[in-house]
Structure formats: structure tokens, C-alpha cells
Amino acid sequence: MDELLPYRRLTDDVCVAPQLTPQAMAEAARAGFRSVINNRPDFEEGPHQPTHASIEAAARAAGLEYRFLPVSGSYQSPEEIAAFGKLLEELPRPILAFCRSGARSTRLYVAATSN
């Protein structure tokens, strides 16, 4: 883990991170991740935030699976939680999910895996 890829492990094969850049996608692939889930809406924090399209292009160029599931930081609906759970089932692992701080991705994980 480094400044470019400051992730936190939730399980052996699911990690979360704060906002990542397109440049972090190659580092994620080198770290062994196979999939990335972006939970942050575009322009949530203004025009300086990297767009999901730029991150997706870099992720795919690095050989990663990429999914965009933007959710609010204050509320995650049952439908969004179910969609996150489906991604956890379908995507190759290890998976790296990110948002502004990593908190909403963590909440989505906990809600999707609590039965």
C-alpha cells in the first residue's frame, strides 16, 4: 500500500479506498486486484475530481474489470445495496471498491453481506 493506492482490507479479497485517480489503476493491477468498483458520483466534490470515464479507461488499460455504481454518501438504498452485492458475487476477486473516503463503500459491503 502506498500514497497512490491507500486501501484498507475488509476481507482477504475485498478492500476499500478513498478517491482513486486514473494513475492508481495500474498500481491496483500490480497489487493483484482484478476488479474495481467506483461508488462515487462524478463531480461530487467539483470539477477537479477524476471522472468515472477517465478511471474506467485506465482500469481497463491495466487489465482490470471496472464497474460504476455511484451512490450518495448519506444514504444507500436497498436497490443500491443489492446491486453492490451482485457485483461482489460476479466480479473477479480481489476487488477494490472506492468512494470519497472509503466509508460508503464499507457501508455498502457490510449491508450487502449481512444476512
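Residue numbers (my numbering): 1264 to 1378.
Glycine included, C-beta positions come from ideal geometry on N, C-alpha and C.
Beta-carbon proximity list for Ala-1322, same chain, < 6 Å, skipping 5 on both sides: Met-1288, Val-1299, Tyr-1329
Proximity winner among Ile-1318, Tyr-1338, Glu-1342, Ala-1324, relative to Ala-1360 (alpha-carbon distances): Ile-1318
Bounding residues of the beta strand (DSSP E) (the contiguous stretch that carries Arg-1356): Careful: Arg-1356 lies outside any beta strand (DSSP E) and carries neither H nor E.
7 Å Cβ cutoff met for Ser-1364 and Pro-1285: no
Cβ distance (whole Å) where Leu-1332 is taken to contact Ala-1345 below 8 Å: Actually they are not in contact, since the Cβ atoms of Leu-1332 and Ala-1345 sit about 11 Å apart, beyond 8 Å.
Per-residue burial, Glu-1343 [other beta carbons within 10 Å of its own, 16 or more giving buried]: buried
Glu-1308 to Asp-1275 span [Cα, whole Å]: 31 Å
Three-state secondary structure assigned by DSSP to Ser-1368: helix
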